[in-house]
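Residue numbering for the sequence shown follows my numbering, starting at 1 and increasing by one per position.
Beta carbons are placed, not taken as given, at the ideal position from N, Cα and C, and that holds for glycine.
All values derive from a computational prediction rather than experimental measurement.
Presented below is the structure to which this report refers.
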Amino acid sequence: GPVLRTDPAGEATRLLARAAASLDAGEVTAARHDLQACLETAPDALVALRGLETFLPVGEDTTLAWPARRIVALAAAKLGDQRDALVEPFEAAAAQRMQRAWLGEGASAAADVAVRDPMTRAGDAALLVMAESAIEAGDLAGAVTGLRMWLDVHGPRAPAARRHAVLLRLADVLAHMEDAGGLLRLRVRLGDDEQDADALPALLDALVSREAARPTPQAPDGPRGPLDPGPLAVLWSVDVSDPSWVRVPRVDEGTEVRSGALVDGDVVYVHAARTVRALDARSGLELWRFPPREIPLSRTHDPAVRHAPADRPVHAVVPAGDLLLVVLGDPPSTGSYEVQGTVWGEDNIVEYPRTHLVALDKASGKLRWRSGALTETDMLLGDPDVGCQSPPLVVGDRVYACFGKLEAGAVVHAVCLRRDDGALLWRTPLAAGVSGRAPDRANWGRFRQAHRNVLPFGSPPALAGDELCFVTHAGFVAALDPERGRTRWVRALQPYARGGAADGLAARRGFGMTNAPWAWGDAWIVAAHDSPRLVALERGSGRLRWSTELAGEDTQWLADAVRHLIGIVPGRDGAPLLRLVGEGRVGVDPRDGALVASELDIGGWTSSR
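What follows is the structure, given as structure tokens:
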């Protein structure tokens, strides 16, 4: 910046020195006049003094004048070689006060000086003295406060070696406090300084090793519950909510945030709201995001309004070599209005999903390809009314997913794409149907709830042997030949009873949306979100092997415990057991679908029930 055109003995320098002396003598009014005159003498060089009237205290207490000293120090820093001469009066007076306080009253008084004179060299020393005294006294929290204040005030202009030493001291204190979260936040804050950031992994590793060496608390007698992971510590957290909606949903609207995550080495990939983010696994630092910027949208685009809870898209991150596959896209505006908190619209509104299968580069987050691009030549995938309606399945160089279009019902197609460029290899129309959780439409008139007529989102496909299985959540299951896409069989599923299953509470009960079909022996075990029954279907023909109602009208007491299909695990007697968990756990014999009484843990349930 510009510098004074006078020599160190010039008018502005003398005014600053006199203002410093006045402040130390308690003559605040005189100091204000001198500083104002200095501002008028050299306005270009002393721009930082423009906040003078706000920061100078009214009164004679010189200990409250440190904000003015900070302004003077900032302004003097612009004077280059003149800085030492200008700031010296402040630092000398502060050093004397700090020394008197330390000798007379101890560390607490020195800390007061550090707070009042943080920009001076005396404040620099006092902050570190305060921190070391707190460490000796066992007050680690006080030491953290002092060291963090030093890093805030003096760290940016301190020599790198000194800043590094203070950082290591703070990190060591945090490690003794076993504050892994504090260590990681410190790394995030100083992540731009490679020398500082590189000092933390060793401390983090030591802390993690110390935690791992601790004896694990013994579990009570009996098997540990499936939802009990043992002792955990939060290292970092990331807000996955979407701040871009114009209007924030009310609490009573029941908006729930859905997210999916994938851990790949030292990187965590998170798909939440309308973005995909790559985060450093140790610190939570954001490495990249796609799209780079979110465009604010009307509230009527919000999936919480656009979709019923039973139909909202599943957020999933699927690895595919050097790519990440996700389903992204904003639902269209409902063109709707609210009546007493309920969103309504007209039947003739165009309703298409605008969801695309997107392939991103793992390292950079750049777009490699997406379905429905302008260059698409296939009549189905190029149709703007068609959207991807399931997480993809990646097998070698092939990607399998469901695509659909909303007409009289959901018209579902199975699609196979080439992984590297998204080129279509084959597509097969499966069937048209509606979600088994959809309300009864027999008596609908012109108006209806706007979020009731949307494309349902299916489960991830699954491959076993030479058969590819799709659970569409449109009322049916289908199996195909994975090589050419020929249909093997299609099987309808029992829907929920009309009336109760479409409301918000019921939509959060029963089987979840992410349950892929599970292959066991020569059967597919299906826990579809839009059916209350767990079924086993014969591979190759789709014939029903067995069916067990776990979330219907007669088994509502089980509906909260069957959310997630975990798979086949050994039972207490060593026999295979099909495990489902939610707010409890349920065991089913995969051979005949019978409930295993000894494997039920759903809170108030007893064996006499």
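Item                                                                                                                                    : Value
Unbroken beta strand (DSSP E) run spanning residue 169, endpoints                                                                       : Per DSSP, residue 169 belongs to no beta strand (DSSP E); it is in the alpha helix (DSSP H), 160-176.
Assigned secondary structure, residue 487 (DSSP; H/G/I helix, E/B strand, else coil)                                                    : strand
Span separating the alpha-carbon of residue 137 from that of residue 152                                                                : 24 angstroms
Residue 327 versus residue 543 - alpha carbon distance                                                                                  : 32 angstroms
Beta-carbon proximity check, residue 580 vs residue 562, cutoff 7 angstroms                                                             : yes
Beta-carbon gap between residue 539 and residue 557 smaller than 7 angstroms                                                            : no
Reference residue 421, options 399, 460, 283, closest by Cα                                                                             : 399
Residue 696 - containing beta strand (DSSP E), residue span                                                                             : The structure shown has nothing for residue 696, since the chain only spans 1 to 609.
Residue 643, DSSP secondary structure in three states                                                                                   : Within the shown structure, residues of the chain are numbered from 1 to 609, placing residue 643 beyond reach of any answer.
C-beta atoms of residue 627 and residue 564 nearer than 7 angstroms                                                                     : Here the chain covers residues 1 to 609 and nothing more, so residue 627 does not appear.
Burial state of residue 417, where buried means 16 or more other Cβ atoms lie within 10 Å                                               : buried
Residue 135 in three-state terms, based on DSSP                                                                                         : helix
Cβ distance (whole Å) where residue 480 is taken to contact residue 491 below 8 angstroms                                               : Going by Cβ atoms, the distance from residue 480 to residue 491 rounds to 13 angstroms, so no, they are not a contact pair.
Length of the line joining the Cα atoms of residue 467 and residue 167                                                                  : 58 angstroms
Burial state of residue 387, where buried means 16 or more other Cβ atoms lie within 10 Å                                               : buried
DSSP beta-bridge partners of residue 400                                                                                                : 393, 416
First through last residue of the beta strand (DSSP E) which encompasses residue 538                                                    : 533-538
Whole-angstrom distance between residue 266 and residue 595, CA atom to CA atom                                                         : 41 angstroms
First through last residue of the beta strand (DSSP E) which encompasses residue 549                                                    : 544-549
Cβ neighbour criterion (16 or more within 10 Å) applied to residue 263                                                                  : exposed
Option nearest residue 271 by Cα separation, candidates 396, 291, 172                                                                   : 291
Cut-off 8 angstroms between Cβ atoms - residues of its own chain near residue 261, not counting five sequence neighbours on either side : 268, 269, 270, 271, 317
Backbone CA spacing between residue 329 and residue 553 [nearest angstrom]                                                              : 35 angstroms
CA-to-CA distance, residue 171 to residue 279, given in whole angstroms                                                                 : 22 angstroms
Under the three-state DSSP convention, the category residue 156 falls into                                                              : helix
Rounded straight-line distance, which links the Cα of residue 236 to that of residue 281                                                : 9 angstroms
Endpoints, the beta strand (DSSP E) within which residue 473 is located                                                                 : Segment: none, residue 473 is in no beta strand (DSSP E) and carries neither H nor E.
Spatial distance of residue 593 from residue 548 (CA atoms)                                                                             : 6 angstroms
Sequence-distant residues of its chain with Cβ nearer than 7 angstroms to residue 471 (five each side left out)                         : 458, 459, 477, 517, 526, 528
Exposed unless 16 or more other CB atoms sit within 10 angstroms - verdict on residue 375                                               : exposed
Residue 129 - DSSP class collapsed to helix/strand/coil                                                                                 : helix
Same chain only: Cβ atoms within 7 angstroms of residue 509, ignoring 5 sequence neighbours per side                                    : 551, 559, 560
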